[in-house]
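Student: In the numbering used here, the protein residues as written are 4 to 369.
The beta-carbon is built from N, C-alpha and C at its ideal position, and this holds for glycine as well.
Please see the structure below; I have some questions.
What follows is the structure, given as structure tokens:
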């Protein structure tokens, strides 16, 4: 970090967004923020902070010039018409998830830096018990967590494993396409929402007519998409999807709660039969400040789990998972305790992120 400038005198507003993105990649950041009225910011190891300590805030003319430096004609028209635009941006350095919005002071830009290197299940640190989830020929596998928790990376690793392990047809539905896959054992088609199709629901409906074996759904956020995903999982497709939920129990509650009350009993039965597993994850800052590590909860659908779902007793799942360690299940709190015991994360991080704070406090005191 010694060569990183700290004085605003040495840091004029750069001429092109690519220069900021290059800095973000060089310093291992996940996001770059360029907003009117604020200095250039980066998110590094989960922390949002100014790139340069004393850099001046960007003026409206600065952000307008930076937006003009990379926005295409179609994106410019959308921004003018509705005030915001989201799209995948690529340059010689890599790929980025870009968002530009109009706000009170001027224009704001946010870029998610996409690590185009596909990481394997082993590289990410996923347990071996995840692999059998990819070998089913039907059913639902969910990867959940908050924004920036590495869901896309995990999903890509699962798809990549299937691509090597099977000889099937994979369709991915993404917004935007992040990792690109070469067809190896499988034939892989990738579709981008807003570029190749209107919405996840329409893309999923179309995908079912394309004779797929495995469907990856980048986001399951509305009733129609979730309903179609469950139907696809029941009718002979392996569906890999993501949700913005923090635990296995909350994931199931979220899936069920989007349906009208009079349909929930039927949906509980369908989910209890089609669910294969749920991977819930967080990226936790390392105690030495050098990066982040994966804390992971894994639920595998056993008869006991299916019974909890069918009867609407998702609150009992943490207890069922404790007794299901022999089949590979692990709770988030156990994962955090293990990382703390190994010295990877601090006590404060483990406590802040755990589900059962009383039990975690007891663990620290023992």
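Ignoring anything shorter than 4 residues or poking outside the region 98-151, list the alpha helix (DSSP H) runs there in chain order.
Tutor: DSSP runs (the alpha helix (DSSP H)) wholly in the region 98-151: 124-127.
Student: How close, in whole Å, do the beta carbons of residue 372 and residue 285 come, if the pair is a contact with beta carbons under 8 Å?
Tutor: Residue 372 lies beyond the residue range present for the chain, which begins at 4 and ends at 369; the question has no answer from this structure.
Student: Express the C-alpha separation of residue 21 and residue 201 in angstroms, rounding to a whole number.
Tutor: Residue 201 and residue 21: Cα-Cα distance of roughly 28 Å.
Student: Run the CB neighbour count on residue 111, radius 10 Å, all protein chains shown included, and call it buried at 16 or more, exposed below.
Tutor: Buried, because 16 or more other Cβ atoms sit within 10 Å of the Cβ of residue 111.
Student: With a 10 Å radius around its C-beta and 16 neighbouring C-beta atoms as the bar for buried, classify residue 327 as buried or exposed.
Tutor: It counts as buried.
Student: Give the DSSP-derived three-state secondary structure of residue 312 in the structure shown.
Tutor: Three-state DSSP puts residue 312 in a helix.
Student: Please work out which residues of its chain come closer than 8 Å, Cβ to Cβ, to residue 220, disregarding the five sequence neighbours upstream and downstream, and give them in chain order.
Tutor: These residues qualify, in order along the chain: 176, 203, 207, 228, 232, 242, 243, 244 and 245.
Student: Tell me whether residue 343 sits in a helix, a strand or coil according to DSSP, three-state version.
Tutor: Helix at residue 343.
Student: If you draw a straight line from the C-alpha of residue 66 to the C-alpha of residue 39, how long is it?
Tutor: Each residue's alpha carbon lies about 6 Å from the other.
Student: From the DSSP output, in three-state form, read off residue 78 for me.
Tutor: Three-state DSSP puts residue 78 in a helix.
Student: In this structure, does DSSP put residue 213 in helix, strand or coil?
Tutor: In the structure shown, residue 213 sits in coil (DSSP, three-state: anything other than H, G, I, E or B).
Student: Give me the Cβ distance between residue 30 and residue 43, rounded to the nearest whole Å; I'm assuming they're in contact under 8 Å.
Tutor: The pair is not a contact, with the Cβ atoms about 12 Å apart (cut-off 8 Å).
Student: Quick one: measure Cβ to Cβ for residue 299 and residue 308, integer angstroms, because I've assumed they're closer than 8 Å.
Tutor: Not quite, the Cβ-Cβ distance comes to about 17 Å (not below 8 Å), so this is no contact.
Student: Looking at residue 282 and residue 132, is the spacing between their C-beta atoms short of 8 Å?
Tutor: Result no, Cβ atoms of residue 132 and residue 282 do not sit closer than 8 Å.
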